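If you count the sequence shown from 1, position 28 lands on 1209 in this note's numbering, and the numbers rise without skipping. Note that the Cβ used here is the ideal one computed from N, Cα and C, for glycine as well. If you're wondering where the values come from, they're calculated on a predicted model, not measured in any experiment. What follows is one structure encoded as structure tokens, with my remarks underneath.
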Amino acid sequence: GMPNPLQLAVIAKANFDTVRLPFPPAWMQRIALALGSPAGRLLGYEPTYVPTGGVPALA
1182 GMPNPLQLAV
1192 IAKANFDTVR
1202 LPFPPAWMQR
1212 IALALGSPAG
1222 RLLGYEPTYV
1232 PTGGVPALA
């Protein structure tokens, strides 16, 4: 699954120089990450994600 939006902000900010979304523009992404990433860090999120639980889908 997907990480929590605040954890995603922490991950995205840590990797912004290598990976970006095509939309919205980079300056908008920087503003959003400037707000979301510190909040995520305060809650203890790290710039890594290890999915928990769940069962892999069969192909």
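Got a sec? Which residues, its chain only, sit under 7 Å from residue i by beta carbon, not counting five neighbours each side?
i: Q1188; result: G1221, Y1226 and Y1230
i: I1212; result: none
Where does residue i sit, in a helix, a strand or coil, going by DSSP?
i: G1182; result: coil
Determine, using beta carbons only, whether residue i and residue j come nearer to each other than 9 Å.
i: A1207; j: V1200; result: no
i: L1223; j: A1190; result: no
i: G1182; j: P1219; result: no
i: A1184; j: G1217; result: The sequence given here has Pro at residue 1184, not Ala. Result no, Cβ atoms of P1184 and G1217 do not sit closer than 9 Å.
Out of the options, point me to the one whose CA is closest to residue i's CA.
i: F1197; options: F1204, Q1210, N1185 and G1217; result: Q1210
Grab me the residues of residue i's own chain with a C-beta within less than 6 Å of its C-beta, minus the 5 sequence neighbours each way, in chain order.
i: A1195; result: P1228
If you drop the 5 nearest sequence neighbours on each side, which residues of the same chain put their C-beta closer than 8 Å to that of residue i?
i: L1202; result: Q1210
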